[in-house]
Structures are given as structure tokens and as C-alpha cells.
Amino acid sequence: MLPTLRDDLQIERGAPLLSGAPAWVIYDPVRHRYFQVGQRMIEILRAWGMGNVARLRAYTAREFGWQPDGDELAAVVQFLTGAELTKLPPGGSSRSYSTTAEKARKIGPLALAKSYLFFRIPLVRPQRFLDATVWLARPILSRGMVWCLLVIAVIGLSLAARQLDAFLAYAERFLSLDGALYYAVALIGIKLCHEMGHAWQATLRGVRVPVMGLAFMVMFPLLYTDVSDAWRLRNRRDRLMIDAGGVMVELGIAAIATLLWVILPDGPMRGVAFAAATTSWVLSLAVNLNPFMRFDGYYFLADAIGVQNLQPRAFALTRWRVRKALFGLNDPAPESFTPRMRRFLIGYSIVTWAYRVLLYLGIALLVYNLFFKAAGIFLLIVELSFFLALPILREMRIWFKMRQELITHPRFWLVLGIMGLGCAALFVPYPTTVRIPAIMGVTHETGLYPQHPGQITQIQVQEGQTVTAGTPLITLQAPALTMELKAARRRAKLAQLRFDRRGASMQDRAQGLILEGELQAARKQIIGLEAAQDQLTLLAPFDAVVMDLDNAARPGLWVSDHARLATLIAPDLSQLSGYVAEKDVARIGVDATGRFIPDDPDLPTQTARLTTISDFTAQSLGRGYLSAANGGPIPVENNPDTQAETPFGAWFSVTAVITREPEFNPVPMRVQRGILLVSGRSESIFFKTYQQIARVLLREFDL
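Residue numbers (this note's numbering): 352 to 1054.
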């Protein structure tokens, strides 16, 4: 027995397919859903009232000259019952419908994920308003208005192009709180006009608009208009006009607003025009015309090529093509398309899948960085599960159901072997090399600064000269210091005279202790000033090489005590120091061997051995040679408390010694930056990935 069709279903002729073949539409008024079927399906449904398969096949043979086979009838029954277009299931019991309803009421993880990604809230039933205002829409959406707006757009864009500098300056001014307010108002107004464009285009073509409301995509609100009754239209051009109605209105607003921005004087109205123009152009060209999300561009493309439910059908075709390529199956395609259309749909589905993954991951990362970390990580997990893991699991479930057919194809075993080797490769430990940013050749370094402001009188060294500790480098004179020393000596001499003749003066005898204190203070000041004068001769604090001698330094030049006149470095070829990242520190140990590769290609590679690994993370990068701010490989951030460069992430300091010097080993005259490659512990890709994910989760959840 065949299941009985519901009495309330409506079947109407729809727009023909792109090939010209007739198409029909089944309308379910209870759920307000439409189903497009072909001529062959309609002929089967015309014979459906026969009640059983034998009479149905006899009827189709007599009336249409062909008979459906068992597989085709089974597919029709599955479609009708799955779409709930029958009164009762084939078994004659309503229990399966009750089970379906019960499942629909249950909210599982998958349902929650889908709800988070996209859900709708109906708000108004606008049909009466649309019928009352459709007279206003006719001139606005007329062909003459379109040509008029096209001329306005050309004029506005050409004039705006001549004021490109002013346009860019306006854009910079709008990167503020006031600008955000302008954009928010413009966005709301433009989206309302956009949806009215769809609704009016539908009303003009006799299509009912049952509801308008809010849709949420990844919790971002969007307005929507239900124009699904457009399925009833037989003229494809009418459906395309409904699809394009919103974009037409937006582009019209963009054209008018662009021209207004050009001609209006500076002020609030020009700001409103700028916000409306930029918002409209961006929304229309970058969002609404995008065919990879279910916005206007998607429905326009689907109607233009005559492939309704474009994405599900393209995805099904791509899955079939993947199975055919992997296993060499000869199963027929889900649908019959021309080779050109088939290639287009497969390419479209691949680009759509990649675009949606990147879009939702971008939204998750935006939430992660702008709001709170836990929400971003949760969204990331949901999206990876929904767009990556779930499709793969569904496809593998299909492969499992087809296993009896697959095992008969030799290519299946080849693919299975490759997949097995690929999975095994994830768990096999591989020898690893740890890259440690390091510097070589310097144990001590210091800048040469004057202790006091003064005038250079003599420079006793040259660039690159090797000096020993205590060698005079640069001599200065400070006239102010000399005058102060002379004054201090005069005061000391006067204090000494008064102290020596204190017996002859009653007043000096009474102030003997005070005079003695003044004498001691004057002597101490002299000692300090003489020491300061001695410091005007800059000496080498250790055996060093003079580097970065100031080219402007010359006798007679006045310098401050903040002027760096030279750099002193103590070369040592045997020492290396660097920093290892937290993710790699567990894979190395003391006495691990490696190779140091200097950044300077003229210097040779040297073998080295680790001597120490710090147990604590580095709070700064010491002299900063490895900082990204100075061209090094370690990213840093400025610590506002210490004004020091703090490594971004956890880094541990390490030291190493050169174990074997090459034949050509010049003494470096400055710090040599490079990479220390150290042999690390063997590790599998799976374990490494697991550690990285666990490390991120522990850090972000503060565990």
C-alpha cells in the first residue's frame, strides 16, 4: 500500500528549469514550505491515488508510456514521508510522527550548535502595510528610476574620485565613537530600506510576504524578509527581481548619498551622507552580493542558474565526486547536470565550504580577542566541530554503510592503506630539532658615557682598537667643574686661616667647632670635585674592543652626560646565550649538542653544547639583541611598570659553550646573532598538538 497524501497540499506549476524542462512546486501550507519536483515526479503523484504499486505502474504505462521501477518508487515514498507530506507513515501508525515531534522538542548539542550559528525571530506581519504602500514602490522600483540612479551614481563617484584626499580624511575622522554612532544609525536605516525593497518587489509581483523579523548569525543580528512564496512564480525574471530588490535599494541610496557628500558643505548632514554612502557600497558589494552565504547573492545565483537549494545540491554532488575519485565507484550522480554545470557546482561547493570555515573562525577569533577568552574558545570548538568534524563523520558513516560495495574495489584498499599510514604517522615519534635564538661572542658589554657634561679635549682610541682595563679612552674638560674646584679651594683656605687664628679673636674662639666643621666640609668638597675631574678621563673598565665610536666625536665638541660616545665589548668565542620557548623546553636537556648558525653568512657554523637551562621564565631579554623590536626573532611587549621589553609568552634562558672551533674563526667585533639548533627528544605529531592545545587551554582558563 502507498501512503496517502495530505489533502491540504497544493501543487502548482513552477518556473521551468534552466534546461527548459517543466518543474512543479508542492506547497505545504501548515509549515509554509515549498518543494520543487520534476515532471516525472508529478506523473507519479497523479497516479498515486491508485493505492498500490501494481495499479500505479499500470496507470503510468497507460497514460504516460513508462513505468517507474522499485527503486524510484522507494525514493518517492522516502521523500514524501521524510517531508511529512503524507497522512500516515507507510506502516499506518502515527507513532513515528510522534517520535519525530518528540525529537524536535529535545534540544541536543547539535541543535544548540545550529541555533548558535543561525536562528530567526519573527516580528511583524507586514502584508497590509505593503498592500497600502505599494503605489509608492512602483515609481521607486521602476526601470526609469534605475537608469536615473545609475546616472547619479556615475556622477557622484566621478566627483568623489576627484576629492579622494578629502574622502580618506573623512574616513579617518569616522574612526571614532561619533563615527560609530553615525554608522550605526546608517546601518539600521539602510537595512530597513533593504528589506522593504525585497518586500515591495514581492508585492508588486503578487507574492505574499507573511513575516519580517530578526535573524541571528553567530549571535549577530540581521533583518530578514520571508519571500518564500516566490516559489509560485513561473517567470524566473520576477524571482530575480525579488532577489535583487534589496541590493537595488541599497545601491540607489549609495548613489544619492555619494552625490550629496560631494555637494554638501561640512556639517552633520555631510557626515550622515558619508556614513550612508560607505555603508551602502560596502554592504551591497561585499555582503549582500556574496554568493557563499545565504544572503541575496546566493538566492540570485540560484535563480539565475536554475538550481534551487543550491548549496545542499552542490555539496551532495561534491561528496559523490569525492567518493568516485577515491574509490572508483560507478554510482550515478545524485542529479543529472551538464559537464560544465557539474564542474561549476563542485567548484562552488568547495569555495563555499572554505569561505564559511574561515568566516566563522574569524568571528570566533574576534570574540576571543575583543571579549572574553572562554567564549572565543567555546565558539572555536563549536565551529570546528560543526564545519569540519561533523561533515567528515557523516561521510565516514556513509562509507561504512557502503562497505560491502567498497571492499570489492581495489582502489578502496589503496585509500585505506594510505589513510592508515597517515593515521599511524600522527602517533610515530620523530626526531626533532629545537630552534633556540641565541647570541655569540660577548660576555660583557657596556656603553661609554661621560660622567659629567664637558668638552672633549683628546680621543686616545680608534674604532675596533683592543684595549686593556684602565686604558684612557677619551679625555674631557669641564670649565664649570674647574671653577667650582677653585672656589672650593678658596673657601677651604679661608676656613683654615680663621681656624688657625681663632685664639686671637673672641668671636672665632667662640665658633671654634663651627669653623672646624666648615673646614672639614670644604676639604670633602675638594676631594669630590677632584674625583669628578679625574672622571673626565674615560677609562676602559675591562679588557675590551672599542666599537661604535661616535663619528661626530672630536676635540672641542661639547657633550652631555647622556651622550653615548662608544661601546665596549669583551669578545669571547666560547660562550653562547639564548632563550628557548616553553613548548620546546621539555624536549632538551643539559649537555644536549647542537649547531650555532650565525645570521652573518660570512661566519662559519660552530658546534655547541648546552650548559644551563633556567628553571624560571625570563622577565626580560637582557641586552635585547634577540628582541623583535631590534630585528630579533623573539616577540616582545613593553612592560609599563618596568619600561622593559618582556618576551611575549614563556621563554627560558639557556647558555652553551662552543665545543669545536672551525679552521676559520675570526674574532667577532660585535654581538653575533643566530640560531642554535639542538637535537631534541623524539615526539609524535599527535602528542605535540595535544600539548599545544592543552597549554593554550590552561593559559586562557587560568588553570
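A virtual CB, placed ideally from N, CA and C, is assigned to each residue, including glycine.
Quick one: what's residue i bridged to in DSSP?
i	result
Phe567	Phe470 and Pro572
Glu1034	Tyr781
Pro788	Ile1026
Pro690	Paired residue(s): none; Pro690 is not in a bridge.
Leu889	Ile825
Met898	Thr918
Leu799	Ala917
Phe1003	Val931 and Thr968
Leu961	Ala1007
Trp909	Gln806
Arg384	Asp379
Val475	Met563
Glu414	Beta-bridge pairing links Glu414 to no other residue.
Ala873	BP columns for Ala873 are empty, so no partner.
Under 7 Å Cβ to Cβ from residue i, same chain only, skipping five residues before and after it: list those, please.
i	result
Ala839	Ala873, Gln876, Ile877 and Leu880
Trp417	Thr411
Gly648	Asn639, Leu640, Asn641 and Pro642
Ala979	Ile985, Pro986 and Val987
Ser1033	Pro780, Tyr781, Pro782 and Thr783
Leu961	Ile939, Val941, Asp942, Ala943, Val1005, Ala1007 and Val1029
Phe1037	Leu777 and Phe778
Of the residues the options, which one's Cα is nearest the Cα of residue i?
i	options	result
Leu848	Glu867, Thr833, Glu835 and Leu832	Glu867
Phe893	Leu508, Val497, Pro949 and Leu799	Leu799
Leu474	Phe999, Val598 and Ala566	Ala566
Val702	Ile732, Gln662 and Ser527	Gln662
Leu889	Val812, Thr1006 and Arg938	Val812
Phe643	Tyr706, Thr689 and Trp671	Tyr706
Leu436	Arg406, Phe386, Arg524 and Trp417	Phe386
Gly768	His803, Arg406 and Leu677	Leu677
Arg559	Arg479, Ile541, Leu832 and Arg645	Arg479
Asp899	Glu814, Val779 and Gly907	Glu814
Gly907	Arg691, Asn403 and Thr808	Thr808
Pro572	Leu1028, Gly557, Ile472 and Trp551	Ile472
Arg476	Thr576, Gly402, Phe967 and His545	Thr576
Arg590	Asp420, Gly557 and Arg1032	Gly557
Ala627	Ala605, Phe646 and Lys542	Ala605
Pro742	Thr817, Thr630, Phe666 and Leu954	Phe666
Tyr781	Gly1031, Ser631 and His913	Gly1031
Glu746	His549, Thr784, Glu869 and Arg670	Arg670
Leu487	Ala520, Ile503 and Gly548	Gly548
Leu424	Phe625, Met392, Glu414 and Ala434	Met392
Ile1026	Gly622, Thr1010 and Phe947	Phe947
Arg587	Leu652, Leu757, Asp529 and Gly597	Leu652
Leu824	Glu869, Trp764 and Ala904	Ala904
Leu538	Ser631, Val497 and Asp617	Ser631
Asp912	Ser965, Gln828 and Lys844	Gln828
Ser1035	Gly597, Ala595, Phe415 and Gly773	Gly773
Arg762	Thr817, Gly771 and Gly679	Gly679
Got a sec? Which residues, its chain only, sit under 8 Å from residue i by beta carbon, not counting five neighbours each side?
i	result
Thr1040	none
Arg664	Val658, Pro685, Glu686 and Leu696
Gln361	Ile377, Tyr378 and Pro380
Val613	Gly507, Leu510, Ala511 and Gln514
Phe470	Ala566 and Phe567
Leu1065	Past the edges of the chain, shown from 352 to 1054, lies residue 1065, and the structure says nothing about it.
Ala914	Tyr800, Pro801 and Asp901
Just checking my contact of residue i with residue j at CB under 8 Å: how many whole Å lie between their CB atoms?
i	j	result
Glu796	Thr963	About 20 Å separates the two Cβ atoms, so there is no contact after all.
Tyr976	Val1022	5 Å
Gly805	Leu887	6 Å
Gly507	Thr609	4 Å
Ala553	Val578	5 Å
Pro317	Gly983	Since the first and last residues shown for the chain are 352 and 1054, residue 317 lies out of range.
Leu492	Leu543	Wrong, their Cβ atoms sit about 16 Å apart, outside the cutoff.
Val785	Val1029	5 Å
Arg1002	Ala932	Before going on, a small fix: residue 1002 reads as Trp here, not Arg. At roughly 6 Å, the Cβ-Cβ gap stays under 8 Å, so Trp1002 and Ala932 are in contact.
Spatial neighbours of residue i within its chain, please: CB distance less than 6 Å, with the 5 preceding and 5 following residues excluded, ordered by chain position.
i	result
Arg1024	Ile790, Asp950 and Tyr976
Thr826	Thr808, Gln809 and Thr888
Trp582	Val376 and Tyr385
Ala820	Ala891, Phe893 and Asp894
Leu574	Lys542 and Glu546
(request) Give a yes or no on contact between the segment 969-980 and the segment 996-1011, applying the rule of three or more CB pairs nearer than 8 Å. (result) Verdict: yes, contact present.
(message) Quick check: the segment 738-752 against the segment 707-715, are at least 3 beta-carbon pairs closer than 8 Å?
(response) A contact exists between the segment 707-715 and the segment 738-752.
(request) Would you check if there are 3 or more beta carbon pairs closer than 8 Å linking the segment 741-757 to the segment 938-948? (result) Output reads no: the segment 938-948 does not touch the segment 741-757.
(message) Below 8 Å, how does it come out for the segment 391-404 and the segment 352-366: are there three or more Cβ pairs, yes or no?
(response) With a cut-off of 8 Å, the segment 352-366 and the segment 391-404 count as touching, because enough Cβ pairs lie within range.
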